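A.B. asks: Got a structure for you, questions after.
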Amino acid sequence: MSQADMYVSLDIGSSSVKVLIGEMTDRSLHVIGVGNVKSEGIRKGAIVDIDATVQSIRKAVEQAERMIGMSIREVVLGIPANQVMLQQVKGVVAVNSENREITDDDLDRVMRSAEVMIPAERELINIIPQQFIVDDLDEIKDPRGMIGVRLEMDATLVTTSRTLLHNILRCVERAGLQIREIYLQPLAAGYFALSEDEKNHGTAYVDIGGGSTTVAVFGDGRLVSAGVIPVGGDHVTKDLSIVLKTTTEQAEQIKHQYGHAYYDDASEDELFEVPVAGMETKDQYSQKYISEIIGVRLEELFEMVLDELYRMDIRDLPGGIVLTGGTAKLEGLPQLAREVLQTRVRTYVPEFIGVREPRYSTAVGLIRYARMEDEFFGQRGESPFGEAMETAAPAPAKKKEPRGKDGQEKVVSRMKKIFDKFFD
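Residue 0 is where the sequence shown starts when you use numbering that gives the first Met the number 0, and the numbers rise one by one after that.
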């Protein structure tokens, strides 16, 4: 097993922090290590306590490390869609080489020419090409090797809040990790969760996490809009805890074991007992009873999804809705979504052994996206591991800054970043 084919993803979510270690062979992912711990210090996708978040990251990393007996040095990091902005940009350059053959250098220059002034409070995450144009010949995916005089690029610039990004980077740095690549979470995950037809026709990728829900819309084969709703599965748990008069821990367990999102299909005969908080007594409920509690909250969430789509000026989704995230595992959720959203709905679950749960969609997507870029550029990454854990010595924390001032490395200066979407 070549460590150059190994990738480690880091998904920092509102409800849990996930670390995934995987070996990529062609397009197949073999998972050899998983870390999954409850998030501390994160609210609605944003970090509110650096120290608590660092501890959560370290715990998740340690879980994954114990499965392989190696220390993790480098990760592929996902950035949430909170406060994300997408801006259409265009780059134009003259082909540089004497024989007019388009090279990597020309691609680097056209990408640089597409840069625009980014406000001081924002940071660049990804540039997503829509098409390349060579001497008025458009809809080109990869112009390298073509002959031309003029090279153009239409692209989408993805930026996020400087404060949000730098707080995440600070946590990763203090956890002792380096950053190999940074991707917008719904960009990486949605690219593989959606079929080619869904990406082309217009589809919403809805990731229902614990503290928030991400809504990303794909059309014409690319990400066109993304946003975050501050409601998720934890709100369902809180509702159950209040109504059933039980602890949050018990309510979470009941949600996963007996929960049903669609009242019409829930069972009246499936009964269970719930310990009353602070008392030695137990109350009995049916699945149908709690399905009404769950359904009301999730119906509200889907109404908010509709509002978010309207805010994005999305009026039609021929490809429908694709649900994922930890809450997407809840029985009856697609039926409820179809009723509220009035469109086709399906649930995406990663198909790889060890991660066949919707909560791992982002962690899996980050690894597959990083591998896809490496294959396109014919590159093999360095090993993401340090020494074997028995001999590993504490190392000073380092990070690769994504972009910024004062000597920080610019992501946009790395030519491969312009291909955050264009792959066959």
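Glycine residues also receive a C-beta, built at the ideal position from the N, C-alpha and C atoms. These numbers come from a predicted model, not from an experiment.
How long is the line joining the alpha carbons of Ser194 and Arg169, rounded to whole angstroms?
C.D. replies: As a working note, residue 194 is residue 195 in the sequence shown. As a working note, residue 169 is residue 170 in the sequence shown. Answer to the nearest angstrom: the Cα atoms are 35 Å apart.
A.B. asks: Tell me which residues share the same chain as Gly184 and place their Cβ nearer than 6 Å to its Cβ, disregarding the 5 neighbours each side in the sequence.
C.D. replies: Walking along the sequence shown from the start, residue 184 turns up at place 185. Sequence inspection shows Gln at residue 184; the Gly mentioned does not correspond to that position. Cβ neighbours of Gln184 beyond the five flanking positions: Gly77, Pro79, Thr361.
A.B. asks: Could you tell me the alpha carbon to alpha carbon distance between Thr342 and Tyr190, rounded to whole angstroms?
C.D. replies: For this step, residue 342 is matched to residue 343 along the sequence shown. For this step, residue 190 is matched to residue 191 along the sequence shown. Thr342 and Tyr190: Cα-Cα distance of roughly 21 Å.
A.B. asks: Got a sec? Which residues, its chain only, sit under 8 Å from Ile253 by beta carbon, not counting five neighbours each side?
C.D. replies: Mapped onto the sequence shown, residue 253 falls at position 254. So the qualifying residues of the chain are Leu239, Leu243, Thr245, Phe271, Val273, Ile289.
A.B. asks: Straight-line CA distance for Val16 to Asp141?
C.D. replies: As a working note, residue 16 is residue 17 in the sequence shown. As a working note, residue 141 is residue 142 in the sequence shown. Each residue's Cα considered, the two are about 36 Å apart.
A.B. asks: Could you say which of Leu329, Glu172, Asp373, Pro349 lies nearest to Ile56 if we only look at CA atoms?
C.D. replies: Within the sequence shown, numbered from 1, the residue matching residue 56 stands at position 57. It is Glu172.
A.B. asks: I believe Leu297 touches Leu335 by the beta-carbon criterion, under 8 Å. Please report the beta-carbon distance rounded to the nearest angstrom.
C.D. replies: Your numbering for residue 297 matches position 298 in the sequence shown. Your numbering for residue 335 matches position 336 in the sequence shown. Indeed they touch by this definition, with Cβ atoms about 6 Å apart.
A.B. asks: Count the other CB atoms, across all protein chains shown, that sit within 10 Å of the CB of Pro118; report buried if there are 16 or more and exposed otherwise.
C.D. replies: Numbered from its first residue, the sequence shown carries residue 118 at position 119. With fewer than 16 other Cβ atoms within 10 Å, it is exposed.
A.B. asks: Would you kindly work out how many angstroms separate the C-alpha atoms of Gly318 and Asp219, rounded to a whole number?
C.D. replies: Residue 318 sits at position 319 when you count from the first residue of the sequence shown. Residue 219 sits at position 220 when you count from the first residue of the sequence shown. One C-alpha to the other measures close to 11 Å.
A.B. asks: Alpha carbon to alpha carbon, how far is Thr159 from Leu340?
C.D. replies: Taking the sequence shown and counting its residues from 1, the one referred to as residue 159 is at position 160. Taking the sequence shown and counting its residues from 1, the one referred to as residue 340 is at position 341. Going from the Cα of Thr159 to the Cα of Leu340 covers about 28 Å.
A.B. asks: Apply the 10 Å Cβ neighbour rule to Arg221 and answer buried if 16 or more other Cβ atoms are within range, or exposed otherwise.
C.D. replies: Along the sequence shown, read from residue 1 onward, the residue named residue 221 stands at position 222. Result: buried.
A.B. asks: For Gly21 and Leu28, which I take to be in contact (beta-carbon distance under 8 Å), what is that distance rounded to the nearest angstrom?
C.D. replies: Counting from 1 along the sequence shown, the entry for residue 21 is found at position 22. Counting from 1 along the sequence shown, the entry for residue 28 is found at position 29. With a Cβ gap of about 5 Å, Gly21 and Leu28 count as contacting.
A.B. asks: Kindly list the residues whose CB is nearer than 6 Å to the CB of Asp4, restricted to its own chain and excluding five residues on each side of it in sequence; keep chain order.
C.D. replies: The sequence position of residue 4 within the sequence shown is 5, counting from 1. The residues are Glu22, Met23.
A.B. asks: Let me make sure I understand the geometry here. Which of Leu329, Leu305, Gln177 has the alpha-carbon closest to that of Ile320?
C.D. replies: Within the sequence shown, numbered from 1, the residue matching residue 320 stands at position 321. The option with the nearest alpha carbon to Ile320 is Leu305.
A.B. asks: Would you check if the distance between the CB atom of Lys89 and the CB atom of Asp153 is smaller than 8 Å?
C.D. replies: Locating residue 89 in the sequence shown gives position 90, where the first residue counts as 1. Locating residue 153 in the sequence shown gives position 154, where the first residue counts as 1. In this structure, Asp153 lies closer than 8 Å to Lys89 by Cβ.
A.B. asks: Please go through the segment 170-253 and give each complete beta strand (DSSP E) segment of 3 or more residues, from N-terminal end onward.
C.D. replies: For the segment 170-253, whole beta strand (DSSP E) runs of length 3 or above, ordered along the chain, are 177-183, 202-207, 212-218, 221-228.
A.B. asks: Within this structure, are the beta carbons of Ser224 and Ile313 separated by less than 8 Å?
C.D. replies: Here residue 224 corresponds to residue number 225 of the sequence shown, with the count starting at 1. Here residue 313 corresponds to residue number 314 of the sequence shown, with the count starting at 1. Contact: yes.
A.B. asks: Evaluate Ser266 with the Cβ neighbour count: other Cβ atoms within 10 Å of its Cβ, from every protein chain shown; 16 or more gives buried, anything less gives exposed.
C.D. replies: Position 267 of the sequence shown, counted from the first residue, corresponds to residue 266. Residue burial is scored here from C-beta neighbours: Ser266 has fewer than 16 other C-beta atoms within 10 angstroms and is therefore classed as exposed.
A.B. asks: Work out the CA separation of Pro383 and Glu100 for me, nearest whole Å.
C.D. replies: Here residue 100 refers to the residue found at position 101 of the sequence shown. Here residue 383 refers to the residue found at position 384 of the sequence shown. Near 36 Å, if we compare the C-alpha coordinates of Pro383 and Glu100.
A.B. asks: Which residues in the same chain have their Cβ closer than 6 Å to the Cβ of Leu300, if we skip the five residues on either side of it in sequence?
C.D. replies: For the purposes of this step, residue 300 is taken as residue 301 along the sequence shown, with counting starting at 1. So the qualifying residues of the chain are Val230.
A.B. asks: Grab me the residues of Ser13's own chain with a C-beta within less than 8 Å of its C-beta, minus the 5 sequence neighbours each way, in chain order.
C.D. replies: Here the question's residue 13 lines up with position 14 in the sequence shown. Leaving aside the five residues that flank Ser13 on each side, the residues in its chain whose CB is nearer than 8 Å to its CB run, in chain order, Ser38, Ile41, Arg42, Lys43, Gly44, Gly208, Gly209, Gly210, Ser211, Gly231, Asp233.
A.B. asks: If I measure Cβ to Cβ from Ser8 and keep anything under 6 Å in the same chain, skipping five residues before and after, which residues do I get?
C.D. replies: The residue you call residue 8 lines up with position 9 of the sequence shown. Same-chain partners within the cutoff: Leu19, Val75, Ala362, Leu365, Ile366.
A.B. asks: Could you give the uninterrupted runs of the beta strand (DSSP E) lying entirely in the segment 290-363, keeping only those of 3 residues or more?
C.D. replies: 319-323, 344-346
A.B. asks: Just to check my reading of the structure: Tyr261 and Glu269 have Cβ atoms closer than 8 Å, yes? What is that Cβ distance to the nearest angstrom?
C.D. replies: By one-based count along the sequence shown, residue 261 stands at place 262. By one-based count along the sequence shown, residue 269 stands at place 270. That pair is no contact at about 14 Å.
A.B. asks: Which of the three DSSP states is assigned to Arg42 in this structure?
C.D. replies: In the sequence shown, the residue the question calls residue 42 occupies position 43. DSSP places Arg42 in strand when its eight states are reduced to three.
A.B. asks: In the DSSP output, what is His29 paired with across the bridge?
C.D. replies: Here residue 29 is taken as the residue at index 30 of the sequence shown, counted from 1. For His29, which the question treats as bridged, DSSP gives the partners Glu22.
A.B. asks: Spatial neighbours of Gln129 within its chain, please: C-beta separation below 7 Å, excluding the five flanking residues on both sides.
C.D. replies: As a first step, residue 129 must be located in the sequence shown, where it is residue number 130. In its chain, beyond the 5 residues on either side, Asp153, Ala154, Thr155, Arg221 have a beta carbon closer than 7 Å to the beta carbon of Gln129.
A.B. asks: From the DSSP secondary-structure annotation, give me the bridge partner or partners of Phe384.
C.D. replies: Position 385 of the sequence shown holds residue 384. Per the DSSP secondary-structure output, Phe384 pairs in a beta bridge with Ile71.
A.B. asks: Take Glu97 and list the residues in its own chain whose beta-carbon comes closer than 7 Å to its own, dropping the five residues that flank it on each side.
C.D. replies: Counted from its first residue, the sequence shown places residue 97 at position 98. For Glu97, where only same-chain residues beyond five positions count, there are no Cβ hits under 7 Å.
A.B. asks: What runs of the alpha helix (DSSP H), each 4 residues or longer, lie entirely inside the segment 48-117?
C.D. replies: 49-67, 103-112
A.B. asks: Let me check understanding here. Comparing Cα to Cα, which of Ile352, Asp25, Met303, Asp315 lies closest to Gly463?
C.D. replies: The chain is shown from 0 up to 423; residue 463 falls before or after that span and cannot be answered.
A.B. asks: What first and last residue would you give for the beta strand (DSSP E) that runs through Tyr284?
C.D. replies: Your numbering for residue 284 matches position 285 in the sequence shown. Taken as a continuous stretch (DSSP letters only), the beta strand (DSSP E) holding Tyr284 covers 281-285.
A.B. asks: Starting from Arg149, follow the beta strand (DSSP E) in both directions and report where the run begins and ends.
C.D. replies: The residue labelled residue 149 in the question sits at position 150 within the sequence shown. Start and end: 149-160.
A.B. asks: Please work out which residues of its chain come closer than 8 Å, Cβ to Cβ, to Lys428, disregarding the five sequence neighbours upstream and downstream, and give them in chain order.
C.D. replies: The structure shown has nothing for residue 428, since the chain only spans 0 to 423.
A.B. asks: Do Leu150 and Glu122 come within 8 Å of each other at the CB atom, strictly closer than that value?
C.D. replies: In the sequence shown, residue 122 corresponds to position 123, counting from 1. In the sequence shown, residue 150 corresponds to position 151, counting from 1. The answer is no: Cβ separation not under 8 Å.
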